[in-house]
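Trainee:
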Amino acid sequence: MFKGKIKRNRDKLSTLPDELLCVIISLLPLKEAVRTLILSTRWKDLFTSISCLNFDDNGFHDGFMNVVDRVLFARKGVDVTKFRLKCRKALDRSRAEGWIQYALWHNVRELELDLIVPMETRIPFKTPPGLFTCRTLVTLKLVMANIIELKIPVHLPCLKILHLELIKFSGDDSVEKLFSSCQVLDELTVHRCSFEKVTEFNVINPSLKRLTISHHPGVYEFENRIVINVPNLVYFKYFHFIAKEHILLDLNSLVEAHIDFGPVFNSLFYDFGTTNLIRGISSLQSLHFSGPFSEALLLGDDQIPDLPNMTYLKIGRCYPQGWERLLSSTPFLETLVFEELPCFQEKIMKPPEQVPSCLISQIKSIKFQSFKGKKSELQMVEYFLKQAQTLENLIIHITARQNRKLRITEELLKIPRISHVCRVVIV
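In numbering that gives the first Met the number 0, the protein residues as written are 0 to 426.
Following this line, the structure appears as structure tokens:
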């Protein structure tokens with residue numbers, strides 16, 4: 000009986016197919032993955048034939064580079080599906096370049112290089128020959144404080160996802176050449192990159208659908224012009240980055256945008272660029288904006304362009320005045336979200352002379368995410384309840400202590416509603 004129980008409870012991993020075991024090994028941290036070599040001949044064969052290679056120096060005091068060398072030397076000649084190299088300690092540049100070259104020679108599809116080594120050990124990393132002409136790459140993620148200098152033609156015929164972080168561009172040609180040469184690119188992320196030697200930041204690509212330009216923490220004030228010409232763009236995120244001049248061309252396919260200039264110190268930047276930016280994305284359906292962009296758009300002197308397709312609007316920081324100008328430009332708005340009202344703001348709300356048409360015939364949902372119960376906030380709620388004829392849901396998240404929350408709730412529920420189907424939900 001005892002022997003039978005042992006037999007039934009024997010190693011269940013051994014019954015799994017090789018393909019599944021290879022996936023399990025590839026998900027293990029490097030140290031644990033290497034240890035599978037001693038389990039059996041089968042595990043050794045599996046380890047040397049996995050197609051997803053994940054090399055991370057986290058947990059290694061030393062010996063990391065030797066382990067990588069041994070793993071690559073022992074591999075069978077199978078293609079590499081995914082190659083990830085993350086190093087935050089000292090790194091031998093020539094060996095790292097050899098590892099990357101190995102992946103390129105083995106038809107890598109996903110390549111992720113995260114090479115942020117300490118300043119005292121940092122040696123300029125040279126882009127391996129063939130990185131920007133790899134015919135098999137589908138995803139490329141580069142996180143490294145290195146200069147991209149493209150002296151040879153770029154040819155990445157299968158690249159769909161490109162993520163660049165901390166990269167330094169050598170000039171206008173390197174930017175335009177890289178972005179425009181990826182003929183099937185779907186998604187581009189440019190995060191915390193340096194454009195000191197760039198006079199015009201051009202993003203020109205006919206296939207691109209998702210674009211993120213960000214610089215967080217902090218904010219990047221680009222003292223020149225940014226040109227975005229992406230006719231099939233669907234999603235645009237512009238976060239903690241601002242240029243002196245924005246030229247947005249042919250963005251008629253845009254559906255969703257998130258815009259936050261961040262803590263801009265030079266007001267000339269957002270005073271000049273806000274109207275051009277919003278005009279360039281005027282065909283979108285969903286907009287989320289906050290920060291100085293909110294202030295410049297809502298309180299600025301320029302006329303807000305018409306936004307005829309917008310059905311969803313989320314305002315990160317709103318003021319008692321100015322929002323009505325935006326609502327007047329969004330005749331088909333259905334959902335309106337106020338993320339935050341400035342806590343220092345106690346100005347009396349001045350109702351607009353004319354009720355925006357979206358409140359009369361379109362709006363269905365209004366939400367306050369951080370409601371403190373101040374006079375200006377209560378006036379805004381009262382205005383919406385009395386004017387929004389098609390409103391179905393008013394959702395208010397109150398941020399106050401329980402006693403005050405009860406008093407605010409009582410005040411809110413006393414306000415009459417013009418819409419007979421409106422529900423007031425207080426959280």
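For each residue, glycine too, the CB sits at the ideal point set by N, CA and C.
CA-CA distance, residue 51 and residue 162?
Mentor: Rounded to whole angstroms, residue 51 to residue 162 spans 19 Å at the Cα level.
Trainee: So, with DSSP's three-state summary, where would you put residue 37?
Mentor: For residue 37, the predicted structure reports a pLDDT of 48, less than 50, and the residue's modelled location is therefore unreliable. A value from the coordinates is still provided. Residue 37 falls in the helix class under three-state DSSP.
Trainee: Contact defined as beta carbons within less than 8 Å: I believe residue 252 pairs with residue 231. What is the distance between those atoms, to the nearest angstrom?
Mentor: Indeed, because the Cβ distance is near 5 Å, the residues count as touching under 8 Å.
Trainee: Figure out for me which residue from 96, 247 and 88 has the closest Cα to the Cα of residue 82.
Mentor: It is 96 whose Cα lies nearest to the Cα of residue 82.
Trainee: Looking at C-alpha atoms only, which residue of 191, 165, 200 and 400 is the closest neighbour of residue 177?
Mentor: When only C-alpha atoms are compared, the closest one is 200.
Trainee: For residue 283, tell me which candidate among 260, 332 and 371 has the shortest Cα-Cα distance.
Mentor: For residue 283, the nearest C-alpha among the options comes from 332.
Trainee: Leaving out five residues before and five after residue 355 in sequence, what residues of the same chain have Cβ atoms less than 7 Å from its Cβ?
Mentor: Excluding residues within five positions, the ones whose Cβ falls inside 7 Å are 323, 326 and 327.
Trainee: For residue 174, report the span of its alpha helix (DSSP H) as first-last.
Mentor: Here the alpha helix (DSSP H) through residue 174 covers 171 to 179.
Trainee: In angstroms, rounded to a whole number, what distance separates the CA positions of residue 255 and residue 247?
Mentor: Between residue 255 and residue 247, the C-alpha separation is close to 15 Å.
Trainee: If we call anything under 8 Å between Cβ atoms a contact, is residue 369 one with residue 409?
Mentor: The answer is no: Cβ separation not under 8 Å.
Trainee: So what's residue 426 in DSSP terms, helix, strand or just coil?
Mentor: Reduced to three states, the DSSP call for residue 426 is coil.
Trainee: Buried or exposed for residue 387, going by 16 or more other Cβ atoms inside 10 Å?
Mentor: Under this definition residue 387 is a buried residue.
Trainee: Report yes if the CB atom of residue 172 is closer than 8 Å to the CB atom of residue 209, and no otherwise.
Mentor: No, these two residues do not count as a Cβ contact at 8 Å.
Trainee: For the putative contact between residue 127 and residue 103, defined by C-beta atoms under 8 Å, what is the C-beta separation to the nearest angstrom?
Mentor: The pair is a contact, with the Cβ atoms about 7 Å apart (cut-off 8 Å).
Trainee: What is the DSSP secondary structure of residue 334, counted as helix, strand or coil?
Mentor: Strand, per DSSP.
Trainee: For the alpha helix (DSSP H) containing residue 68, name the first residue and the last one.
Mentor: It spans 63 to 73 - the alpha helix (DSSP H) in which residue 68 sits, taken as one unbroken run.
Trainee: Grab me the residues of residue 112's own chain with a C-beta within less than 6 Å of its C-beta, minus the 5 sequence neighbours each way, in chain order.
Mentor: Closer than 6 Å at Cβ, skipping near neighbours: 84 and 141.
Trainee: Near residue 169, what residues of its chain come up, given a Cβ to Cβ distance below 7 Å and the 5 sequence neighbours on each side ignored?
Mentor: Correct list, in chain order: 146, 147, 148 and 196.
Trainee: Return yes when the C-beta of residue 354 is under 7 Å from any heavy atom of the ligand PLP, and no when it is not.
Mentor: Inclusion of the ligand PLP in the displayed structure is not the case, the ligand content being empty and no account of it being possible.
Trainee: Please state whether DSSP places residue 194 in a helix, a strand or coil.
Mentor: Three-state result, residue 194: coil.
Trainee: For residue 131, does the three-state DSSP call read helix, strand or coil?
Mentor: Looking at residue 131 - three-state DSSP - the assignment turns out to be helix.
Trainee: Measure the beta-carbon distance from residue 311 to residue 334 and round it to whole angstroms, keeping in mind my assumption that it falls under 8 Å.
Mentor: 5 Å between Cβ atoms; contact.
Trainee: Figure out for me which residue from 372, 352, 371 and 285 has the closest Cα to the Cα of residue 329.
Mentor: Checking every option, the nearest Cα to that of residue 329 belongs to 285.
Trainee: Look at the alpha carbon of residue 343 and the alpha carbon of residue 403, and state the distance between them as a whole number of angstroms.
Mentor: With a pLDDT of only 46 at residue 343, under the threshold of 50, the placement of this residue in the model should not be trusted; the figure read from the coordinates follows. Looking at the two C-alpha atoms, the distance is approximately 18 Å.
Trainee: Let me check one thing: in DSSP terms, what residues is residue 287 bridge-paired to?
Mentor: DSSP lists 257 and 313 as partners of residue 287.
Trainee: Is it true that the CB of residue 414 sits closer than 8 Å to the CB of residue 380?
Mentor: Yes, they are a contact pair.
Trainee: Does DSSP put residue 383 in a helix, in a strand, or in coil?
Mentor: Three-state DSSP puts residue 383 in a helix.
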